[in-house]
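Peer 1:
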Amino acid sequence: MKVIDLTHTIKEGMPVFPGTEPPKLDAASTFEKDGFRETLLTMYSHTGTHMDAPAHVRKNGITLDKFGADKFVGKAIVIDCNDLSEGDTIDISYINKYKGIIEDTEFVLFKTGWDRYWDTEKYYGKFPVISEEVADYLISSNKKGIGLDVISIEAIESEDLPMHHKVLKNNLVIIENLCNLDQIGSDLFTFCALPLKFINSDGASVRAVAILD
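Note that my numbering gives residue 375 to position 175 of the sequence shown, counting from 1, and the numbers run on in steps of one.
1. By the DSSP assignment, the beta strand (DSSP E) with SER405 in it spans what residues?
2. Tell me which residues share the same chain as ASN371 and place their Cβ nearer than 7 Å to its Cβ, disregarding the 5 neighbours each side in the sequence.
3. Given this structure, state the Cα-to-Cα distance separating LEU264 from LYS275, to the nearest angstrom.
4. Find the nearest neighbour of GLY347 within the set TYR323, ILE339, PHE307, ALA335, judged by alpha-carbon distance.
5. Would the beta-carbon of TYR294 fall within 7 Å of that of ILE277?
6. Please say whether MET363 and GLU357 have beta carbons closer to each other than 7 Å?
7. In angstroms, rounded to a whole number, what distance separates the CA positions of GLU286 and ALA227?
8. Measure the beta-carbon distance from LEU206 to ALA404 and round it to whole angstroms, keeping in mind my assumption that it falls under 8 Å.
9. Have a look at PHE267, GLU221, LYS369, PHE231 and flag the residue whose alpha-carbon is nearest the alpha-carbon of ILE399.
10. In the DSSP output, what is LEU388 paired with across the bridge?
11. Output yes or no for whether 7 Å exceeds the beta carbon distance between TYR317 and PRO215.
12. Let me know the beta strand (DSSP E) ranges lying completely inside the stretch 309-381, each 3 residues or longer, listed in chain order.
13. Select from ILE204, GLU238, ASP387 the residue whose C-alpha is nearest the C-alpha of GLU303.
14. Could you compute how far the alpha carbon of ASP288 sits from the alpha carbon of ASN260?
15. Which residues mark the beginning and the end of the alpha helix (DSSP H) in which ASP252 is found?
16. Would a C-beta distance cut-off of 7 Å place VAL373 and MET243 closer than the cut-off?
17. What do you reckon, are the CB atoms on PRO222 and ILE210 nearer than 7 Å?
18. For PRO218 versus LEU284, is the C-beta spacing smaller than 7 Å?
19. Reducing DSSP to helix, strand and coil, say where ILE279 ends up.
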């Protein structure tokens, strides 16, 4: 068994969605003063590699703490979209390339390679986004969720968030800011993205991993 970490490390000064305050990590207790260490973390619920709940954009949407833990684990496939450039769209042709295997998955992860721009201004730019047809496929095929190695499933300047509404109203979850998808390959694997469990969570940071047999 091989376990691949798909998670960016939370630290001060890390990339966050424009308008969001970056996390703060303060020494609350120290060896010198207290004989042990504790860290006070102050951060938004959508910091780093994180999961969006339906409640993120929908007033009566379900929160992450209301899902069973099995919602966050399942068979997954990585869709290779590395050929896309700035502002391109992940269209249904990328799904069609994996017909026959994608039907057996519960999570679909899109590898654009954009995680290589993490900690640069380009990460916030015109990254690849999913098309409405792709969103419709994921919904109609009853997937548990969708993941990407970019900061959002739609353009960063989007104000109405139509793709978020479309996906989340059908109780899929969205995992954004994944990394290391290039280490997985094209075979099925077990995907785990367990969010921090806090009450009424509209989203939460996750420790996402791929487990390869």
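The beta carbon of each residue, even a glycine, is placed where N, CA and C say it ideally should be.
The structure presented is a predicted model; accordingly, all values stated were derived computationally and were not measured.
Peer 2: So, from the data block:
1. 403-412
2. PRO254, ILE262
3. 20 Å
4. Closest in C-alpha terms to GLY347, from the list TYR323, ILE339, PHE307, ALA335, comes PHE307.
5. With respect to ILE277, TYR294 sits apart: the two C-beta atoms are not nearer than 7 Å.
6. no
7. 40 Å
8. Actually they are not in contact, since the Cβ atoms of LEU206 and ALA404 sit about 15 Å apart, beyond 8 Å.
9. By alpha-carbon distance to ILE399, the top candidate from PHE267, GLU221, LYS369, PHE231 is PHE267.
10. Per DSSP, none; premise fails for LEU388.
11. no
12. At a cut-off of 3 residues, the continuous stretches assigned as beta strand (DSSP E) that sit fully inside the stretch 309-381 are 345-348, 373-376.
13. ASP387
14. 32 Å
15. First-last for ASP252: 250-252, but that is the beta strand (DSSP E), not the alpha helix (DSSP H).
16. no
17. No.
18. Taking 7 Å as the Cβ cut-off, PRO218 and LEU284 do not qualify as a contacting pair.
19. strand
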